[in-house]
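For the sequence shown, this note's numbering assigns the number -17 to the initial residue and increments by one for each residue that follows.
Below is one structure, written out as structure tokens; the observations come after it.
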Amino acid sequence: MKRHSPPGLALEDRMASPIPVSQPLSVPMRSELIQIGGAGPAGLAAAITLARAGRRVLVHELHGEVGHRFDGDFQGLENWSDGHDVLDWLRALGMTSEFNTLPLSRGYVFDAWGERYAVAGTKTLFYLVERGPGPGTLDTAMLQQARALGVEVRFNSRLDRLDGPGILAAGPKAPDAIAVGYHFETSLQDGFWAIFDDRLAPQGYAYLLIMAGRGTVKSCMFADFGQAHLYVQRTVAAFERLTGLVMVNPIANGGVGNFHIPARALTGMHPVVGEEAGFQDFLWGFGMRYAILSGVLAARSLLEGSSYEALWRRELEPAMGSSMVNRALFGLLGNRGYRWILRRNQSQHWDAHHVLRKLYQPWPVKQLLLPWARSRYTSRRRDESCDHVECTCVWCRRGEHRGAGAAGACGSRMNT
Ligand SMILES: Cc1cc2nc3c(=O)[nH]c(=O)nc-3n(C[C@H](O)[C@H](O)[C@H](O)COP(=O)(O)OP(=O)(O)OC[C@H]3O[C@@H](n4cnc5c(N)ncnc54)[C@H](O)[C@@H]3O)c2cc1C
């Protein structure tokens, strides 16, 4: 059977094979400035790729620092969807891996009745990384790499209109999931803990991540956001009871995720990358790899004059479709279903790395289930990227052009 590849597997090999060029982009002249809107992982990955090829790049960042919305958050760089170690994968893409990481191959998951299950892999399940503007974070490392390559990053600069070559990387535009909780200091040991209980995190999961005396506790919910405050209270109380968590100097933190397979990931002729396009892991929100890979693909499409649409559909869409099916199946489980799976994990001594790797593969059966999954999943996203050739908007809502003077700038539709 042909094995499909999740995002980025053997990317270098596959980039060498011919790509159907349905909408070739014009290759910017070598001296032409390429502008990028957003200094998140997606925008910085694009900037680094372009600068490595000797291009002039200007990144506009709305806030005064990188990773502003994460502010010291801990996140997992997942290591199961690919046959390779994710840090090797980053280096193969030309990205830095010089940031603080904590490899985790074992943790604990609780069911809704407080039963604890060890979840262990023979390989690292994910690397815990820090996000935000501080030292040692993923965002700071990518910023430093970009600057060392000559990229200009302009802070407190909102990109409202994009004339000339460029890439749009402005982050999520609608909340399909939210993760809310606290950052804190703690004497708990390093590690990860999760709880699958819809009374704490509807259709999602509650999690606790600790690295070097600091941590984050969150309810990651996919429904009922209006009651978020209640779910956070329950999540904190549950972790205090189950793990002995004591938060010192807690600071509230949270954010949204946008999960959406776009009709097209172009606004005018400009590639849209990362969560601005909706690229995410529908199951649990491990979006960083999608952000970085889509940034690299968009940059390569500009460098080669190849079709970004063809690239992301080949490299990202199969894995997104698979994760959308995973989400639809997960939504059927409920508390008893989560417990059933956790018990099987325990009685059969699952290798969590192996099981997750299989779960994320876009097997043919997943393709068969995709129409069903699509019918069950509705993104809160109401815009589709714009197909007006000369659109300069940073993003458009259903053909309604937002941004300075954009309406006047829009010309004819693309021929596809
Ligand atoms: C609480 C939380 C926990 C998460 N945990 C994980 C995890 O454990 N693992 C994982 O892989 N993923 C996780 N994610 C998802 C991951 O953070 C995102 O998928 C990833 O950051 C998306 O990168 P991006 O570059 O597309 O967008 P962002 O990181 O949002 O970056 C977009 C940037 O664009 C800037 N911007 C916006 N508008 C403009 C404009 N007009 N002009 C200029 N700049 C602009 C923003 O200020 C921002 O800096 C989590 C997300 C949240 C909210």
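In this text, a Cβ means the ideal position worked out from N, Cα and C, and glycines have one as well.
Keep in mind the model is a prediction, meaning the values are calculated, not measured.
### Query
Quick one: Cα of E297 to Cα of V228, how far?
43 Å
### Query
What are the residues that DSSP puts in a beta bridge with I16?
V39
### Task
Would you list, in sequence order, the uninterrupted alpha helix (DSSP H) runs of no fewer than 4 residues that lie entirely inside the segment 82 to 138?
120 to 130
#### Entry: Supposed contact pair P184 and D206 - C-beta distance, whole angstroms, cut 8 Å
Contact flag correct, Cβ pair sits at about 5 Å.
### Message
Buried or exposed, going by whether 16 or more other CB atoms sit within 10 Å of the CB of S276?
### Response
buried
### Query
Can you find at least 3 beta carbon pairs, one from the segment 250 to 259 and one from the segment 142 to 150, that sit closer than 8 Å?
yes
### Task
Mind checking which residues open and close the beta strand (DSSP E) that includes K200?
R196 to M203
### Query
Using DSSP with H/G/I as helix, E/B as strand and the rest coil, what is Y359?
coil
#### Entry: Chain-order list of residues whose beta-carbon lies under 8 Å from that of P(-11) (same chain, five-residue window excluded)
Legend: pLDDT at P(-11) = 47, less than 50; position of this residue unreliable, value from coordinates given subsequently. Same-chain partners within the cutoff: S63, D64, R271, Y272, L275, E297, L298 and A301.
### Task
Could you check the C-alpha separation between G197 and L190 for me, to the nearest Å?
7 Å
### Message
Quick check: E47 and G20, are their CB atoms within less than 8 Å of each other?
### Response
no
### Task
Run the proximity test for K105: is its beta-carbon closer than 7 Å to any non-hydrogen atom belonging to ligand 1?
no
### Task
Report yes or no: do three or more beta-carbon pairs, one from the segment 331 to 338 and one from the segment 99 to 107, lie closer than 8 Å?
yes
### Message
Applying the 10 Å Cβ sphere with the 16-neighbour rule, what's the burial state of W322?
### Response
With a 10 Å radius around the Cβ and a threshold of 16 neighbouring Cβ atoms, W322 comes out exposed.
### Message
Just checking M270 against ligand 1 - is the residue's beta carbon closer than 7 Å to any of the ligand's heavy atoms?
### Response
yes
### Task
Could you spell out the range, first to last residue, of the beta strand (DSSP E) harbouring H211?
Unbroken run through H211 is the alpha helix (DSSP H), A210 to T225; no beta strand (DSSP E).
### Task
Just mark P23 as buried or exposed, buried being the case when its beta carbon has 16 or more other beta carbons within 10 Å.
buried
### Query
So, is D(-5) buried or exposed, given that buried needs 16 or more other C-beta atoms within 10 angstroms?
For D(-5), the predicted structure reports a pLDDT of 45, less than 50, and the residue's modelled location is therefore unreliable. A value from the coordinates is still provided. Under this definition D(-5) is an exposed residue.
### Message
If the criterion is Cβ atoms closer than 8 Å, does the pair Q262 and N235 meet it?
### Response
no
### Query
Nearest CA to the CA of N317: which residue from R358, R356 and A188?
Nearest to N317 by C-alpha distance, out of R358, R356 and A188, is A188.
### Query
What's the call for L314, buried or exposed, on a 16-neighbour Cβ count within 10 Å?
Taking every protein chain shown into account, the CB of L314 has fewer than 16 other CB atoms within 10 angstroms, so this residue is exposed.
### Query
In angstroms, rounded to a whole number, what distance separates the CA positions of S305 and L265?
5 Å
### Query
Any idea what DSSP makes of T374, helix, strand or coil?
Secondary structure of T374 (DSSP, three-state): coil.
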